[in-house]
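*Asks:* One line per chain: the protein sequences are A and B, in this order.
Here the first sequence is numbered in numbering that gives the first Met the number 0, starting from 0 and rising by one per residue.
Here the second sequence is numbered in numbering that gives the first Met the number 0, starting from 0 and rising by one per residue.
Structure in structure tokens, see below.
Protein chains: 2
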Amino acid sequence: MGNPGRPATIKEVAALAGVSIGTASKALNARGSLRPETRARVRDAAERLGFRVNAVARSLNTGRTYTVGMITTDTIGRFSIPVMIGVEDALGAGQMSVFLCDGRDDAIREQYYLQTLLARRVDGIIVTGRRSAERRPIGADLPVPVVYAFISSADPADCSVVPDEEGGTRLAVDHLLAIGRARVAHVTGPEHHHSARVRANAAVDQLRRAGLGLAAPPMYGEWSEAWGRHAVGMLLANRVGFDAVYCGSDQIARGVADALRAAGRAVPDDVALVGFDNWDVMALASQPPLTTIDMDLEGLGRAAADLLLGAINGDPEPGRHVHPCRLVARESTAIQVRPAADPLRPAGPAADPA
Amino acid sequence: MGNPGRPATIKEVAALAGVSIGTASKALNARGSLRPETRARVRDAAERLGFRVNAVARSLNTGRTYTVGMITTDTIGRFSIPVMIGVEDALGAGQMSVFLCDGRDDAIREQYYLQTLLARRVDGIIVTGRRSAERRPIGADLPVPVVYAFISSADPADCSVVPDEEGGTRLAVDHLLAIGRARVAHVTGPEHHHSARVRANAAVDQLRRAGLGLAAPPMYGEWSEAWGRHAVGMLLANRVGFDAVYCGSDQIARGVADALRAAGRAVPDDVALVGFDNWDVMALASQPPLTTIDMDLEGLGRAAADLLLGAINGDPEPGRHVHPCRLVARESTAIQVRPAADPLRPAGPAADPA
DNA sequence: CAAAGCCGGGAAAACGGTTGCCGTACCGTA
DNA sequence: TACGGTACGGCAACCGTTTTCCCGGCTTTG
Numbered sequence: 000m001g002n003p004g005r006p007a008t009i010k011e012v013a014a015l016a017g018v019s020i021g022t023a024s025k026a027l028n029a030r031g032s033l034r035p036e037t038r039a040r041v042r043d044a045a046e047r048l049g050f051r052v053n054a055v056a057r058s059l060n061t062g063r064t065y066t067v068g069m070i071t072t073d074t075i076g077r078f079s080i081p082v083m084i085g086v087e088d089a090l091g092a093g094q095m096s097v098f099l100c101d102g103r104d105d106a107i108r109e110q111y112y113l114q115t116l117l118a119r120r121v122d123g124i125i126v127t128g129r130r131s132a133e134r135r136p137i138g139a140d141l142p143v144p145v146v147y148a149f150i151s152s153a154d155p156a157d158c159s160v161v162p163d164e165e166g167g168t169r170l171a172v173d174h175l176l177a178i179g180r181a182r183v184a185h186v187t188g189p190e191h192h193h194s195a196r197v198r199a200n201a202a203v204d205q206l207r208r209a210g211l212g213l214a215a216p217p218m219y220g221e222w223s224e225a226w227g228r229h230a231v232g233m234l235l236a237n238r239v240g241f242d243a244v245y246c247g248s249d250q251i252a253r254g255v256a257d258a259l260r261a262a263g264r265a266v267p268d269d270v271a272l273v274g275f276d277n278w279d280v281m282a283l284a285s286q287p288p289l290t291t292i293d294m295d296l297e298g299l300g301r302a303a304a305d306l307l308l309g310a311i312n313g314d315p316e317p318g319r320h321v322h323p324c325r326l327v328a329r330e331s332t333a334i335q336v337r338p339a340a341d342p343l344r345p346a347g348p349a350a351d352p353a
Numbered sequence: 000m001g002n003p004g005r006p007a008t009i010k011e012v013a014a015l016a017g018v019s020i021g022t023a024s025k026a027l028n029a030r031g032s033l034r035p036e037t038r039a040r041v042r043d044a045a046e047r048l049g050f051r052v053n054a055v056a057r058s059l060n061t062g063r064t065y066t067v068g069m070i071t072t073d074t075i076g077r078f079s080i081p082v083m084i085g086v087e088d089a090l091g092a093g094q095m096s097v098f099l100c101d102g103r104d105d106a107i108r109e110q111y112y113l114q115t116l117l118a119r120r121v122d123g124i125i126v127t128g129r130r131s132a133e134r135r136p137i138g139a140d141l142p143v144p145v146v147y148a149f150i151s152s153a154d155p156a157d158c159s160v161v162p163d164e165e166g167g168t169r170l171a172v173d174h175l176l177a178i179g180r181a182r183v184a185h186v187t188g189p190e191h192h193h194s195a196r197v198r199a200n201a202a203v204d205q206l207r208r209a210g211l212g213l214a215a216p217p218m219y220g221e222w223s224e225a226w227g228r229h230a231v232g233m234l235l236a237n238r239v240g241f242d243a244v245y246c247g248s249d250q251i252a253r254g255v256a257d258a259l260r261a262a263g264r265a266v267p268d269d270v271a272l273v274g275f276d277n278w279d280v281m282a283l284a285s286q287p288p289l290t291t292i293d294m295d296l297e298g299l300g301r302a303a304a305d306l307l308l309g310a311i312n313g314d315p316e317p318g319r320h321v322h323p324c325r326l327v328a329r330e331s332t333a334i335q336v337r338p339a340a341d342p343l344r345p346a347g348p349a350a351d352p353a
């Protein structure tokens, strides 16, 4: 038990067990050659005193702290959360603790955090953020390995893990083609946004590979439901013929779904719909629920953490690593012969709660 | 600059400056009495070597680590994020770093984290989580102060900071009364959920104080849009007379708004609507945008951090501290003579992007 | 001129562990 | 009986800083 005042030290444990400090250390860490009975005596003493090794003191002479810093480029947000959870999960399993640093898109603040982390002698650093675009490296010649997760470093020699947005788009397009759609429109976010451009270009490419083109040029706008609704209005006003819409986000897709319903076009029968992000609150609340592309951000975070652990242990794998997306099929494309049952929710309208 | 191999130690700095280690320490920390010229010499040497004090070594003999642990009861989620951001912000300003620990609603995992944090000799611990209900204390007789943020400890002697959900509800009800509504319905989450009950009871109380009652008994269901839609169906089917709905969440409120519109009831003219949470993605995307109650979770997090800092510095303020909510007025209650201009967004329909 | 005080800086003891090296006692064997 | 080997456990250096105490020299004062 021990008292709650000062945590017990190994010296007190050693004294109680009647051995030297060094011996106590060996007993507690299962090193050296000691009589089993001695080990037991030390362990008992430690237990009685409520001894908990002082990680600070240990770090001082091993040189390893078993901590890593996680710096977000911008404010902690919807995209960085799952990445952080994945990172924390993978590192926690490796006995490492994570320092959380919210960069807030402020370079000064970021550098302050970087210095703090280095002063704390973290074993490594993860840099993440909301955007999937490139960013300037956080520092040069740092004494610890750095991995960029979701965002990537502008220096190709740095280790980055990014979602395979092109691959995700190919999944979306192929899925629409597979259910027999050929006149696909694309509604997405602002053109200056990296992800919007990448996904739009990938959609065009993949359709071309099938001998097709978009039903209309990519429609760039905002990452909002309102823009999704507005875009549908434009498509209808221009009498564009389309039987599917691939959207740059679930928010946009939901707006598209609402506007289509208001215009009397049935989803998915008249128009099939695919979103992006698999943001549950949008994808599931949409009417109908959205088929969408999931970037597996948590898995991406875990992958980044594993790369960091590797680098810490001397096996760096520099460069840009792409992490696969996956398609989550729901009712907004549930049509014709469906290849398999939807794994996430039963087909048919959702039952309202009592 | 120094090379990126091993970080420079104060010994090397001292050698380069031609002073003893102790003197170097004093120079770098602005202590003791030294000639200005000596200080400068040491500082130069430190700069040239890229010296960064080893926080681990420093902690070892000061006994303070300037770190705190933040443990989430359940998975990091929508409510814990703003709290965490607030905590991190307030603590960062106090030069403290934050260890992130995702408890995942797993008591084993939580205890593991607790032990890890204690081994790391954190100066304090913040416990947070998604639900605002009470939870069993994370430990007894801990050697460091603990503050519960958003959730609260079942032990009233522990320090907890919780949102003033009753107060928030009073703001909502008073607001509806102020715009002339008297037949208020209440649609909220599951009855077993602490927040749902608290808010429902507070609504009843506040109406009673005005000599009124709810237009129908509190409608408990789910925290979902679907339930909001369904509840409207029930109200209409039962021919309940109502000119306002106070909802337990913005998600529910959005569902209510959609169903009312579908039923030809205008918001806010026929029915005024107040949500809860001020979750931007719901409150702003709703048609019309929602008046709602904001729990100021970030501020709550900062308050918790400040209490923790106080406790660390010897001024504990045990007990349950309530943090005020505030009303954010938007178009779902924009009616009649409005007392003041809405501070957050101009009135009138939102313009769709080009 | 001597004593006292101050200023600048060095030496060394902590802080709490880990670990390599060494000594001792006991065993078996020649 | 003497010697070598092994098992067990102690000693002490070390990790990088901070901080206390002390000392020598210079300045001030009586």
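Just so it is clear, CB atoms sit at the ideal spot from N, CA and C, and this is done for glycine as well.
Which runs of the alpha helix (DSSP H), 4 residues or longer, sit entirely within the segment 0-83 of chain B?
*Replies:* As far as the segment 0-83 of chain B is concerned, its whole alpha helix (DSSP H) runs of at least 4 residues are 9-16, 20-28, 35-48 and 54-61.
*Asks:* Since Ile75 (chain A) and Leu170 (chain A) should fall inside the 8 Å C-beta cutoff, what is the C-beta to C-beta distance between them, to a whole number of angstroms?
*Replies:* The sequence position of residue 75 (chain A) within the first sequence is 76, counting from 1. The sequence position of residue 170 (chain A) within the first sequence is 171, counting from 1. In fact, because the Cβ distance is near 28 Å, the residues do not count as touching under 8 Å.
*Asks:* Assign Arg38 (chain A) to buried or exposed, taking buried as 16 or more other Cβ atoms, counted over all protein chains shown, within 10 Å of its Cβ.
*Replies:* Locating residue 38 (chain A) in the first sequence gives position 39, counting from the first residue. Buried, by the Cβ-count rule.
*Asks:* In terms of DSSP beta bridges, what is Tyr112 (chain B) paired with?
*Replies:* Taking the second sequence and counting its residues from 1, the one referred to as residue 112 (chain B) is at position 113. For Tyr112 (chain B), which the question treats as bridged, DSSP gives no partner whatsoever.
*Asks:* In chain order, what residues of the segment 43-55 of chain A put their CB closer than 7 Å to some CB of chain B?
*Replies:* Listed in sequence order: Arg51, Val52, Asn53, Ala54 and Val55.
*Asks:* Drop a sphere of 10 angstroms on the beta-carbon of His174 (chain B), count the other beta-carbons inside from all chains shown, and report buried for 16 or more, exposed for fewer.
*Replies:* Taking the second sequence and counting its residues from 1, one reaches residue 174 (chain B) at position 175. Its Cβ being crowded by 16 or more others within 10 Å, His174 (chain B) is buried.
*Asks:* Mind checking if Glu330 (chain A) is an interface residue toward chain B, Cβ cutoff 8 Å exclusive?
*Replies:* Walking along the first sequence from the start, residue 330 (chain A) turns up at place 331. False, the Cβ-Cβ gap to chain B never drops below 8 Å.
*Asks:* For Arg180 (chain A), collect the residues of the same chain with a Cβ closer than 7 Å to its Cβ; drop the 5 residues on either side in sequence, then sort them by chain order.
*Replies:* Working through the first sequence from its first residue, we reach residue 180 (chain A) at position 181. Within the same chain, Arg180 (chain A) has close Cβ partners Asp242, Ala243 and Ala271.
*Asks:* In angstroms with no decimal places, state the Cα-to-Cα distance between Ala214 (chain A) and Val186 (chain A).
*Replies:* Along the first sequence, one-based indexing puts residue 214 (chain A) at 215. Along the first sequence, one-based indexing puts residue 186 (chain A) at 187. Their Cα atoms are separated by approximately 11 Å.
*Asks:* Report the option in A:Asp268, A:Ala252 and A:Tyr112 whose CA atom is closest to the CA atom of Ile178 (chain A).
*Replies:* Along the first sequence, one-based indexing puts residue 178 (chain A) at 179. Nearest of A:Asp268, A:Ala252 and A:Tyr112 to Ile178 (chain A), Cα basis: A:Asp268.
*Asks:* Within 7 Å: the Cβ of Leu99 (chain A) and any heavy atom of the ligand NAP?
*Replies:* The ligand NAP is absent from the structure shown, which contains no ligands of any kind.
*Asks:* Which chain B residues sit within Cβ distance under 9 Å of Phe98 (chain A)?
*Replies:* The residue you call residue 98 (chain A) lines up with position 99 of the first sequence. Neighbours of Phe98 (chain A) on chain B, chain order: Thr66, Ser96, Val97, Phe98 and Leu99.
*Asks:* Between which two residues does the beta strand (DSSP E) holding Val146 (chain B) run?
*Replies:* Taking the second sequence and counting its residues from 1, the one referred to as residue 146 (chain B) is at position 147. Residues Val145 to Ala148.
*Asks:* On the DSSP letters alone, give me the boundaries of the alpha helix (DSSP H) that Ile251 (chain A) sits inside.
*Replies:* Against the first sequence, residue 251 (chain A) aligns to sequence position 252. Here the alpha helix (DSSP H) through Ile251 (chain A) covers Asp249 to Ala261.
*Asks:* Verify the CB distance criterion: does Ala339 (chain B) have a CB-CB separation below 8 Å to chain A?
*Replies:* Against the second sequence, residue 339 (chain B) aligns to sequence position 340. With a pLDDT of 47 at Ala339 (chain B), under the threshold of 50, the predicted position of this residue should be treated as unreliable, though the coordinate-derived value follows. No, Ala339 (chain B) does not count as interfacial toward chain A.
*Asks:* Quick one: list the residues of chain A neighbouring Ser58 (chain B), beta-carbon separation under 7 Å, in chain order.
*Replies:* Position 59 of the second sequence, counted from the first residue, corresponds to residue 58 (chain B). In chain order: Val55.
*Asks:* Are Leu283 (chain B) and Val160 (chain B) closer than 8 Å when you measure CB to CB?
*Replies:* The residue labelled residue 283 (chain B) in the question sits at position 284 within the second sequence. The residue labelled residue 160 (chain B) in the question sits at position 161 within the second sequence. No. Outside cutoff.
*Asks:* From the DSSP output, read off the bridge partner residues of Arg271 (chain B).
*Replies:* Numbered from its first residue, the second sequence carries residue 271 (chain B) at position 272. Correcting the residue type first, residue 271 (chain B) is Ala in the shown sequence and not Arg. Its beta-bridge partners are B:Ala243.
*Asks:* Give the secondary structure of Ala199 (chain B) by DSSP, where H, G and I count as helix, E and B as strand, and everything else as coil.
*Replies:* As a first step, residue 199 (chain B) must be located in the second sequence, where it is residue number 200. Residue state, collapsed to three classes: helix.
*Asks:* Going by alpha carbons, who is nearest to Ala366 (chain B) out of B:Lys10, B:Arg301 and B:Glu46?
*Replies:* Residue 366 (chain B) lies beyond the stretch modelled for chain B, which goes from 0 to 353, so this question has no answer here.
*Asks:* Taking the alpha carbon of Glu164 (chain A) as the point to measure from, which residue in A:Ala199, A:Leu141 and A:Ile124 has its own alpha carbon closest?
*Replies:* In the first sequence, residue 164 (chain A) corresponds to position 165, counting from 1. For Glu164 (chain A), the nearest C-alpha among the options comes from A:Ala199.
*Asks:* Taking all protein chains shown into account, decide if Pro6 (chain B) is buried (16 or more other Cβ within 10 angstroms of its Cβ) or exposed.
*Replies:* Walking along the second sequence from the start, residue 6 (chain B) turns up at place 7. By the 10 Å Cβ count, Pro6 (chain B) comes out buried.
*Asks:* Counting pairs of beta carbons, one from the segment 115-132 of chain B and one from the segment 47-54 of chain B, are three or more of them closer than 8 Å?
*Replies:* The segment 115-132 of chain B, when compared against the segment 47-54 of chain B, does not touch it at the 8 Å Cβ threshold.
*Asks:* Any Cβ of chain A within less than 8 Å of the Cβ of Thr187 (chain B)?
*Replies:* In the second sequence, residue 187 (chain B) corresponds to position 188, counting from 1. For Thr187 (chain B), the answer is no, since every Cβ of chain A falls outside 8 Å of its Cβ.
*Asks:* Please name the residue in A:Ile124, A:Val266, A:Thr168 and A:Arg130 whose C-alpha comes closest to that of Pro189 (chain A).
*Replies:* Position 190 of the first sequence, counting from 1, holds the residue named residue 189 (chain A). For Pro189 (chain A), the nearest C-alpha among the options comes from A:Arg130.
*Asks:* Measure from the C-beta of Arg120 (chain B) to each C-beta in chain A and report whether the shortest distance is under 8 Å.
*Replies:* Position 121 of the second sequence, counted from the start, is the residue given in the question as residue 120 (chain B). True, the Cβ-Cβ gap to chain A drops below 8 Å.
*Asks:* If you compare alpha carbons, which of B:Asn28, B:Arg30, B:Glu36 and B:Ser32 is closest to Ala16 (chain B)?
*Replies:* Here residue 16 (chain B) refers to the residue found at position 17 when the second sequence is read from its first residue. Taking only the C-alpha atoms, the option nearest Ala16 (chain B) is B:Glu36.
*Asks:* Which value, in whole angstroms, describes the spacing of the CA atoms of Gln94 (chain B) and Pro323 (chain A)?
*Replies:* Mapped onto the second sequence, residue 94 (chain B) falls at position 95. Mapped onto the first sequence, residue 323 (chain A) falls at position 324. The straight-line gap from Cα to Cα measures roughly 39 Å.
*Asks:* Kindly indicate if chain A contains any beta-carbon less than 8 Å away from that of Gln431 (chain B).
*Replies:* Chain B is shown from 0 up to 353; residue 431 (chain B) falls before or after that span and cannot be answered.
*Asks:* Quick check: what's the CA-CA separation for Ser32 (chain B) versus Ala13 (chain B)?
*Replies:* Locating residue 32 (chain B) in the second sequence gives position 33, counting from the first residue. Locating residue 13 (chain B) in the second sequence gives position 14, counting from the first residue. If I take the Cα positions, the gap works out to 16 Å.
*Asks:* Is the CB of Asp88 (chain B) under 8 Å away from at least one CB in chain A?
*Replies:* One-based indexing of the second sequence puts residue 88 (chain B) at position 89. Asp88 (chain B) counts as touching chain A.
*Asks:* Just to confirm before moving on: does the CB-CB distance between Cys246 (chain A) and Val239 (chain A) stay below 8 Å?
*Replies:* To locate residue 246 (chain A), count along the first sequence from 1; it is residue 247. To locate residue 239 (chain A), count along the first sequence from 1; it is residue 240. Not in contact: Cys246 (chain A) and Val239 (chain A) (Cβ atoms no closer than 8 Å).
*Asks:* List, from N- to C-terminal side, the beta strand (DSSP E) runs of 3 residues or more that fit wholly inside the segment 170-194 of chain A.
*Replies:* For the segment 170-194 of chain A, whole beta strand (DSSP E) runs of length 3 or above, ordered along the chain, are 183-187.
*Asks:* Would you check if the segment 82-100 of chain A and the segment 302-320 of chain A touch, i.e. whether three or more CB-CB distances between them fall below 8 Å?
*Replies:* The segment 302-320 of chain A, when compared against the segment 82-100 of chain A, does touch it at the 8 Å Cβ threshold.
*Asks:* What does a CB cutoff of less than 6 Å around Thr127 (chain B) pick up in its chain, not counting 5 residues either side in sequence?
*Replies:* Translated into positions along the second sequence, residue 127 (chain B) becomes position 128. Thr71, Ser79, Val82, Ala148 and Phe149, listed in sequence order.
*Asks:* Under 8 Å, do Asp249 (chain B) and Trp278 (chain B) count as touching if we go by C-beta distance?
*Replies:* As a position in the second sequence, residue 249 (chain B) is number 250, starting the count at 1. As a position in the second sequence, residue 278 (chain B) is number 279, starting the count at 1. Contact flag set, yes.
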